[in-house]
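First to last, the protein sequences are chains S, D, B, Y, U and H.
Residue numbers for the first sequence follow our numbering, beginning at 176 and rising by one.
Residue numbers for the second sequence follow our numbering, beginning at 176 and rising by one.
Residue numbers for the third sequence follow our numbering, beginning at 176 and rising by one.
Residue numbers for the fourth sequence follow our numbering, beginning at 176 and rising by one.
Residue numbers for the fifth sequence follow our numbering, beginning at 176 and rising by one.
Residue numbers for the sixth sequence follow our numbering, beginning at 176 and rising by one.
To start, the structure under review is shown below, and the notes come after it.
Number of protein chains: 6
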Amino acid sequence: MMRPSQRAPGQLRNIEIIRRYTRHAEGSVLVKFGDTHVLCTASIDEKVPGFLKGKNQGWLTAEYGMLPRSTGTRMDREAARGKQTGRTQEIQRLIGRSLRAVVNLDLLGERTIQLDCDVIQADGGTRTASITGAFVALHDAVDVLLQKQLIATSPIRDFVAAISVGVYKGTPVLDLDYLEDSDCDTDMNVVMTGSGGFVEIQGTAEGEPFARTEMNAMLDLADSGIRQLIAYQKAALGLA
Amino acid sequence: MMRPSQRAPGQLRNIEIIRRYTRHAEGSVLVKFGDTHVLCTASIDEKVPGFLKGKNQGWLTAEYGMLPRSTGTRMDREAARGKQTGRTQEIQRLIGRSLRAVVNLDLLGERTIQLDCDVIQADGGTRTASITGAFVALHDAVDVLLQKQLIATSPIRDFVAAISVGVYKGTPVLDLDYLEDSDCDTDMNVVMTGSGGFVEIQGTAEGEPFARTEMNAMLDLADSGIRQLIAYQKAALGLA
Amino acid sequence: MMRPSQRAPGQLRNIEIIRRYTRHAEGSVLVKFGDTHVLCTASIDEKVPGFLKGKNQGWLTAEYGMLPRSTGTRMDREAARGKQTGRTQEIQRLIGRSLRAVVNLDLLGERTIQLDCDVIQADGGTRTASITGAFVALHDAVDVLLQKQLIATSPIRDFVAAISVGVYKGTPVLDLDYLEDSDCDTDMNVVMTGSGGFVEIQGTAEGEPFARTEMNAMLDLADSGIRQLIAYQKAALGLA
Amino acid sequence: MMRPSQRAPGQLRNIEIIRRYTRHAEGSVLVKFGDTHVLCTASIDEKVPGFLKGKNQGWLTAEYGMLPRSTGTRMDREAARGKQTGRTQEIQRLIGRSLRAVVNLDLLGERTIQLDCDVIQADGGTRTASITGAFVALHDAVDVLLQKQLIATSPIRDFVAAISVGVYKGTPVLDLDYLEDSDCDTDMNVVMTGSGGFVEIQGTAEGEPFARTEMNAMLDLADSGIRQLIAYQKAALGLA
Amino acid sequence: MMRPSQRAPGQLRNIEIIRRYTRHAEGSVLVKFGDTHVLCTASIDEKVPGFLKGKNQGWLTAEYGMLPRSTGTRMDREAARGKQTGRTQEIQRLIGRSLRAVVNLDLLGERTIQLDCDVIQADGGTRTASITGAFVALHDAVDVLLQKQLIATSPIRDFVAAISVGVYKGTPVLDLDYLEDSDCDTDMNVVMTGSGGFVEIQGTAEGEPFARTEMNAMLDLADSGIRQLIAYQKAALGLA
Amino acid sequence: MMRPSQRAPGQLRNIEIIRRYTRHAEGSVLVKFGDTHVLCTASIDEKVPGFLKGKNQGWLTAEYGMLPRSTGTRMDREAARGKQTGRTQEIQRLIGRSLRAVVNLDLLGERTIQLDCDVIQADGGTRTASITGAFVALHDAVDVLLQKQLIATSPIRDFVAAISVGVYKGTPVLDLDYLEDSDCDTDMNVVMTGSGGFVEIQGTAEGEPFARTEMNAMLDLADSGIRQLIAYQKAALGLA
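Encoded structure:
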């Protein structure tokens with residue numbers, strides 16, 4: 176089996192994490208998983224949603240979008256259509272849950288951190304790149320809060336990153352690009368923390384159902400991929 | 176550890192599958208997982224969506240809704256709010272993918288089977304009950320097509336059912352009700368076929384991340400639960 | 176003249192009123208007018224809309240929906256289309272007005288009773304069944320308020336029920352089912368109180384305009400039908 | 176009993192029907208019921224809606240709107256809010272049904288007549304003025320079709336007009352203005368043809384339920400009012 | 176060059192400004208630029224939008240709409256389509272900015288003046304007629320505030336009016352009607368104050384780009400046209 | 176007078192035009208006017224809108240959006256709010272008109288070129304940067320059509336670019352950044368062709384109305400700025 180990308184089954188694409196990519200946001204990160212480029216910004220808003228008012232606790236939420244021509248064929252602009260697709264909502268809910276899993280909202284104070292993940296160029300794996308990049312943007316925004324002494328302790332409890340795994344022509348592979356993703360039997364997105372716990376697992380059999388053994392092989396690959404991604408995050412943050 | 180429902184960790188709730196619950200639909204099933212009651216109807220439409228026209232292949236899609244007072248606190252009616260929530264869209268996409276996984280759309284002819292899963296009363300696990308019941312409604316609708324000789328061969332390739340598993344106060348448990356779900360660390364929905372393959376796995380750590388061993392224990396429970404659910408489906412269809 | 180339903184001109188369909196049909200709502204009634212089945216729930220919300228705040232008075236409002244396959248041909252789901260049809264809005268406004276006509280909102284306190292009428296199966300007359308069933312659900316919800324001593328006096332001033340009448344092939348008939356309704360010249364919905372006053376009359380000539388004599392005959396039938404329906408309501412509530 | 180308008184119980188307001196009020200529409204009528212002024216235009220569109228295509232039959236439909244400051248307090252602009260209220264939809268459905276009742280759609284050919292009723296100034300009775308004025312606009316549009324020899328026979332079978340009646344401080348009265356309408360017990364809109372048949376009756380008890388005797392008195396008033404309105408229509412059309 | 180309207184290049188259409196056209200609004204003006212008729216109403220609302228609360232300053236805003244059959248071919252009703260077109264929003268933003276340019280919002284107190292410009296009949300130049308008429312409606316509404324002694328000093332600092340200019344078959348012309356507008360190379364809308372300052376200039380080359388000399392000629396025409404319009408405003412207000 | 180940006184009154188910001196910024200679009204340009212960065216993509220769609228079908232002519236249209244945190248304070252995501260603001264629609268209409276002014280749609284064939292201008296980082300002048308960058312993206316997309324021999328002759332008739340001018344503290348200045356724009360009296364956007372003709376002029380007095388002499392000074396600045404921008408476009412395209 177040869178992957179279209181010529182990569183070894185367990186090999187990530189080239190990963191780049193560029194901080195301070197734009198100048199207004201408290202955290203602004205361009206993350207690249209090969210040809211997938213996502214701009215992740217973290218914005219601090221000194222308010223919480225209604226259901227949290229007066230509870231002395233913060234909130235973290237995420238939104239996701241794709242530029243209309245980030246893809247091979249132009250997609251309709253969601254703002255012009257007047258609604259977000261189910262896929263978009265699914266992804267932004269996933270990003271939000273994944274990051275909240277490593278944040279102690281009680282330590283954040285009554286404020287919201289809003290993460291925006293906007294896909295500039297897509298080549299598969301936009302949701303995993305989004306989570307991985309958004310964590311770094313979040314980290315930068317938290318540093319702003321610490322530096323301004325708005326909070327005394329970082330609410331971030333652990334690192335978190337995400338990667339896709341799949342079964343391509345019978346072989347479990349890591350970090351599928353668009354070509355591989357379009358032609359694979361199973362596609363699974365795995366979100367894990369720095370200490371190796373699972374935060375989210377979402378696996379879908381696109382063709383044939385998958386077996387327990389395949390699942391185990393995919394999780395092994397994901398575990399290895401996540402470790403590498405967290406090393407990239409640490410390097411980008413100067414924490415390595 | 177005692178579950179709020181007093182059930183053993185691997186014990187399903189009382190399952191009921193009532194066919195021909197309403198009279199207009201080609202398939203109409205009321206499925207009960209304990210106090211969770213979902214009406215699943217299958218409707219045949221002699222058209223396909225635009226992207227499939229002229230391809231000599233069928234389509235299967237699903238929609239999901241909750242009656243406003245199916246829950247403890249009344250929810251806003253989505254039709255009045257003017258849009259479906261992200262959660263609703265996520266669930267109906269899951270139901271559609273799960274059923275398409277066991278249907279050969281080429282054998283369906285240029286027609287659509289539309290599955291509607293409407294929650295009459297909710298007590299946790301509405302999406303797994305929906306998938307499990309919708310399969311039976313689909314089976315009945317396919318029988319109508321066969322009886323009318325609109326198709327010669329059933330496009331259904333296997334059974335499919337779904338169940339939730341979770342980690343409740345440290346113990347992996349099967350088929351969480353609302354009380355258990357609200358208080359558990361991990362919630363995972365598993366969709367499997369009659370032949371034991373995975374179609375979908377969606378696991379979320381609500382509190383602490385979960386470990387590989389917990390995941391394995393949950394998958395074992397799911398496997399056992401799905402086998403029982405498929406037995407209920409067969410019994411309901413008189414195929415046992 | 177023989178009605179398709181074989182009923183005598185002034186004969187109701189089989190009427191059933193089942194209380195406590197689902198377990199969460201303060202009032203939950205499944206009402207059946209023959210093959211028309213509507214689930215009516217009453218929910219208490221300890222708030223009033225903005226225009227009533229601080230006026231020491233309650234509110235009662237209604238929403239109506241049909242499950243997509245409650246009908247012979249599947250209808251689009253209003254939540255998916257993103258808006259309610261004019262027909263839906265017309266019916267839910269009618270239900271709300273009809274019930275407010277027998278409720279003293281000053282005695283309700285600053286709270287809202289929300290009635291939801293969801294059609295599980297349709298065979299004509301869904302709006303009249305909704306009003307008739309919703310009254311019983313409302314009665315149960317008021318009993319909850321009395322039992323909890325949130326109010327001292329019932330705000331319900333009278334019974335209210337609704338029935339359709341029409342002119343079918345020249346003969347005035349009571350309680351039209353779908354087949355009769357589709358083929359009649361005139362369709363009139365009448366809402367009356369227990370003391371025999373009119374709350375609403377809505378008559379439409381579907382084919383030929385109708386004469387004053389036909390109108391009088393229809394109102395006589397309606398009067399008789401409403402008396403029977405109120406007897407069913409009383410029996411269901413154990414007040415007969 | 177003295178009406179706020181000083182009119183006798185059975186007295187209409189001053190009625191004016193001005194044809195050719197604007198220059199583009201095939202029919203354009205400004206109708207005045209006292210201080211209620213509605214611009215009714217009829218537009219011919221050489222298409223029919225999808226459900227009528229190829230059936231060799233025409234269609235007639237109506238839309239209704241109020242200018243934001245046609246009323247004492249400015250109302251939100253429906254175009255800016257992004258949806259029409261239930262009241263608006265109810266009224267435009269009523270206008271359409273009322274006019275279709277006197278039109279033979281088979282004689283119209285495969286084209287649509289669209290009636291737009293826009294309230295310039297409101298003082299009660301906008302829906303009845305709309306129906307009464309729209310009929311005249313429709314008549315003018317049909318004349319255009321006849322003159323252009325697009326149709327050979329007029330599809331208009333009869334005149335149609337509408338009026339409100341009510342019970343004001345215990346006395347049945349005709350053609351309520353806003354002040355009377357706001358303070359009456361019962362409000363009923365009646366649509367009748369030139370030959371005296373009922374097309375629509377919509378009566379609502381705003382306060383106390385109304386009795387059969389009151390209803391009969393109101394219908395007598397309506398009958399007399401409609402006869403006068405149709406005389407005004409005929410005079411305006413030069414058919415008196 | 177002969178204009179389709181037979182007017183000289185610098186000649187306005189017949190201008191009429193009719194005050195108190197409808198009776199509810201604090202200012203109500205029907206303005207006619209030839210066959211373009213716009214009803215402009217000014218409504219006083221004793222509130223300001225959220226972003227101005229507590230700032231002791233007023234607000235002025237405008238909305239614009241066209242009746243569906245104000246034009247040669249019926250346009251879709253924006254309220255029925257569920258959104259305003261980009262053109263509508265562009266025009267109402269322009270009207271609001273133009274009038275705010277001559278109003279001292281600090282002198283208005285914490286209240287909003289809402290201008291509604293509704294086109295009854297269109298023949299080109301609806302936005303310039305709207306601005307010109309809305310100013311007079313605004314003036315009347317301010318007089319109401321002064322007469323009620325709600326404000327002591329008029330917040331109106333200057334007159335404002337608007338006119339279109341264009342290049343028609345090579346010749347700069349003033350106040351284009353629909354026929355001229357459809358066939359001209361350049362269309363420019365100019366908003367000026369009584370003291371001759373520019374408030375807005377919006378010029379668009381519909382065909383060939385336009386040269387600086389043409390622009391200068393158009394601005395000369397606009398200047399002359401605005402002076403005449405302001406004379407009409409003054410005459411209508413009895414201030415001449 | 177010293178501009179906040181320290182620039183001379185007639186000095187542009189640093190201009191950069193980077194082609195082939197993303198890899199999927201037929202034209203993809205990142206344009207920078209100082210700290211304003213806009214990604215402009217041109218997509219070819221082998222269809223035209225309904226109103227042009229069968230007319231043997233092409234179409235060109237534009238959409239515009241800002242990433243939520245392209246600005247100092249995060250803006251709501253339009254896709255999440257469910258509609259585009261009036262400002263967004265105004266800008267995208269302007270971009271489309273400006274580019275169509277230099278394109279011969281008859282030479283394009285029955286296809287659409289869709290321009291997307293997405294603001295990555297905003298510091299004033301996003302619409303002028305968008306037009307200037309979109310022209311280069313359009314040029315690249317047309318080259319693709321020529322290279323594929325889908326068209327024989329370029330439909331591009333001239334260059335087009337846009338710049339803002341304003342009156343800042345009494346002095347006419349070129350190419351305002353956000354700080355300058357927020358504090359200026361007049362803001363004018365000018366779109367001109369390579370041959371020096373005006374395509375669009377949109378000037379707004381934000382504070383005091385502006386005089387003819389100021390307008391002339393601003394147009395002189397704009398003329399000089401546009402010449403420089405077109406030189407940058409030519410250089411980027413290798414046509415200098």
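Every residue gets a Cβ at the ideal spot worked out from N, C-alpha and C, and that includes glycine.
Note that the coordinates shown come from a computational prediction; the quantities given were computed from them, not determined experimentally.
Q.
Which complete beta strand (DSSP E) runs does the region 321-351 of chain Y hold, if anything under 3 residues is left out?
A. Those beta strand (DSSP E) runs which fall completely within the region 321-351 of chain Y and span 3+ residues are 335-343, 346-349.
Q. How about S/G300 and S/T211: do their beta carbons lie closer than 8 Å?
A. yes
**Q.** Distance between beta carbons of U/Q377 and H/Q377, contact taken as under 8 Å
**A.** With a Cβ gap of about 5 Å, H/Q377 and U/Q377 count as contacting.
(Q) For U/K417, report the span of its beta strand (DSSP E) as first-last. (A) Because chain U in this structure spans residues 176 to 415, residue 417 of chain U falls outside the shown range and cannot be described.
Q) Using a beta-carbon distance below 8 Å, is H/I266 in contact with chain S? A) no
Q) Given a limit of 9 Å on CB to CB distance, which residues of the region 303-324 of chain B reach chain D? A) Listed in sequence order: no entries.
Q: Starting from the beta carbon of U/E285, find every residue of chain H whose beta carbon is closer than 8 Å, and list them in chain order.
A: Under the 8 Å cutoff, chain H gives no residues; its nearest Cβ is about 22 Å from U/E285.
**Q.** Cβ contact check for the region 198-207 of chain S and the region 260-275 of chain S: 3 or more pairs under 8 Å
**A.** no
Q: Give the C-beta separation of H/P184 and H/P347 to the nearest angstrom, bearing in mind that I take them to be a contact with Cβ-Cβ under 8 Å.
A: 6 Å
(Q) So the candidates are Y/V294, Y/A327, Y/G369, Y/G413; which of them puts its Cα closest to the Cα of Y/V206? (A) Considering only alpha carbons, the answer is Y/V294.
Q) Under three-state DSSP, which class holds U/R178? A) coil
Q) Measuring CA to CA, which of H/I306, H/A312, H/T328 is closest to H/N279? A) H/N279 has its Cα closest to that of H/T328, out of H/I306, H/A312, H/T328.
Q) The alpha helix (DSSP H) spanning S/D251 covers which residue range? A) S/D251 -> no alpha helix (DSSP H), and no H or E assigned at all.
Q: Determine the direct distance from the alpha carbon of U/C215 to that of H/A337, and round the result to whole angstroms.
A: 35 Å
Q.
Can you find the residues in the same chain that come closer than 8 Å, C-beta to C-beta, to S/S203, ignoring five residues on each side of it along the sequence?
A. Excluding sequence neighbours, S/S203 sits near R194, R195, Y196, T197, L214, C215, T216, A217, A312, D315.
Q) How many angstroms separate the CA atom of S/D350 from the CA atom of S/K344? A) In a straight line, the C-alpha of S/D350 is about 15 Å away from that of S/K344.
Q: Determine which residues share a DSSP beta bridge with Y/L290 and list them.
A: The partner list for Y/L290 (beta bridge, DSSP) reads Y/A217, Y/A237.
Q) Taking all protein chains shown into account, do 16 or more other C-beta atoms lie within 10 angstroms of the C-beta of D/F226, making it buried, or fewer, making it exposed? A) By the 10 Å Cβ count, D/F226 comes out exposed.
Q. Among residues of its own chain, excluding the 5 on either side of U/Y353, which ones have a beta-carbon nearer than 6 Å to its beta-carbon?
A. For U/Y353, where only same-chain residues beyond five positions count, the Cβ hits under 6 Å are D298, G299.
Q: Find the residues of chain D that neighbour B/Q259, judging by a C-beta separation of less than 7 Å, and give them in chain order.
A: A254, A255
Q | Between the CA atoms of B/C359 and H/E265 - distance to the nearest angstrom | A | Taking the straight line from one Cα to the other gives about 53 Å.
Q) With distances taken from CA atoms, which of B/D398, B/A411, B/L412 is nearest B/L187? A) Closest by alpha carbon: B/D398.
Q. DSSP state of U/G378, grouped into three classes?
A. strand
Q: Look at the Cβ atom of U/N306, then the Cβ atom of U/V335, and state whether they are nearer than 8 Å.
A: The question names Asn, but residue 306 of chain U in the sequence shown is Ile. Contact: yes.
Q. Is the Cβ-Cβ distance between Y/R286 and Y/G233 less than 8 Å?
A. yes
Q. Since H/I190 meets chain S, which of its residues come closer than 9 Å, beta carbon to beta carbon?
A. Simply none; closest approach about 18 Å.
Q | C-beta atoms of U/I219 and U/L282 nearer than 8 Å | A | no
Q) Which residues, taken in chain order from the region 208-227 of chain S, show a beta carbon closer than 8 Å to some beta carbon of chain H? A) D210, H212, L214, T216, S218, D220
Q) At which residues does the beta strand (DSSP E) containing Y/E191 begin and terminate? A) 190-194
Q: Would you list, in chain order, the members of the region 361-379 of chain U that have their beta-carbon closer than 7 Å to a beta-carbon of chain C?
A: Absent here is chain C; the protein component of the structure consists of chains S, D, B, Y, U and H.
Q) DSSP puts H/G212 in a beta bridge; with which residues? A) Checking the sequence, you will find His at residue 212 of chain H rather than Gly. Looking at the DSSP assignment, H/H212 forms a beta bridge with H/K207, H/Q296.
(Q) Does the structure place the region 388-402 of chain D close enough to the region 317-325 of chain B that three or more beta carbon pairs sit under 8 Å? (A) no
Q: Report yes or no: is there a C-beta of chain Y within less than 8 Å of the C-beta of B/F334?
A: no
Q. Measuring from the CB of Y/D352, is there a heavy atom of the ligand GTP at a distance below 7 Å?
A. No copy of the ligand GTP occurs in the structure displayed, which carries no ligand at all.
Q.
Bridge partners for Y/D362 per DSSP, in chain order?
A. In the DSSP assignment, the residues bridged to Y/D362 are Y/G341, Y/T379.
Q. Y/L394 touches chain B at which residues, Cβ-Cβ below 9 Å?
A. R387, M390
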